[in-house]
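Chemist:
Residue numbers (the UniProt record's numbering): 1 to 156.
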């Protein structure tokens with residue numbers, strides 16, 4: 001996947017995040033991209049424990065064989081939390097692409113009770129495993145665009 005393709009998929013994930021926010025859910029979005037650079041699934045956030053990435057990884061694991069998922073990429077607007085990163089790992093998705101770091105989100109949400117962020121990078125979580133999941137991110141050139149849906153959402 002080229003950098004341009006990653007940016008396009010990050011923007012699609014951001015469209016999913018905006019759709020989630022329009023329905024009252026947290027503004028996070030994720031897409032599963034197959035080996036042929038085709039989006040296979042889209043998922044928005046549902047609530048504090050049903051994150052976009054976790055739900056997408058679970059759906060993907062139910063729909064596809066692990067060998068196929070190893071050649072897929074989960075693309076998400078923000079760096080996934082430990083729960084989401086772990087679910088991606090167990091689902092056997094071979095690559096993660098994220099737009100902005102968790103620290104950027106924390107700066108916007110503060111101590112909001114619906115988003116108790118963790119200072120634990122996805123790379124650290126994945127480095128604790130036995131599989132070499134590839135990680136790409138962050139992408140500073142579109143960070144502002146990806147964080148835009150969060151600016152008003154968490155101040156409500």
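Yeah, the Cβ is synthetic: ideal placement off N, Cα and C, and Gly gets one too.
1) Under 7 Å from any heavy atom of the ligand SAH, does the C-beta of residue 9 make it?
2) Roughly how many angstroms separate the alpha carbons of residue 12 and residue 42, rounded to a whole number?
3) With a cut-off of 8 Å on the beta carbons, I'd call residue 99 and residue 142 a contact; round off their distance for me.
4) Which whole-angstrom value describes the C-beta separation of residue 72 and residue 7, a residue pair presumed to lie in contact below a C-beta threshold of 8 Å?
5) Where does residue 119 land, buried or exposed, given buried means 16+ other C-beta within 10 angstroms?
6) Mind checking residue 155: buried by the 16 CB within 10 Å criterion, or exposed?
7) List the DSSP bridge partners of residue 39.
Modeler: On the basis of the coordinates in this document:
1) Absent from the structure shown: the ligand SAH. Ligands present: none.
2) Reading the chain shown from its first residue, position 12 is the one you call residue 12. Reading the chain shown from its first residue, position 42 is the one you call residue 42. Looking at the two C-alpha atoms, the distance is approximately 9 Å.
3) Stepping through the chain shown from its first residue, residue 99 is reached at position 99. Stepping through the chain shown from its first residue, residue 142 is reached at position 142. Their Cβ separation, rounded to whole angstroms, is 6 Å, which keeps residue 99 and residue 142 in contact under 8 Å.
4) By one-based count along the chain shown, residue 72 stands at place 72. By one-based count along the chain shown, residue 7 stands at place 7. No, residue 72 and residue 7 are not in contact; Cβ-Cβ is about 18 Å, not under 8 Å.
5) Working through the chain shown from its first residue, we reach residue 119 at position 119. Classification of residue 119: exposed, given that the 10 Å Cβ count is below 16.
6) Here residue 155 refers to the residue found at position 155 of the chain shown. Exposed, by the Cβ-count rule.
7) As a working note, residue 39 is residue 39 in the chain shown. Answer is 33, bridged to residue 39.
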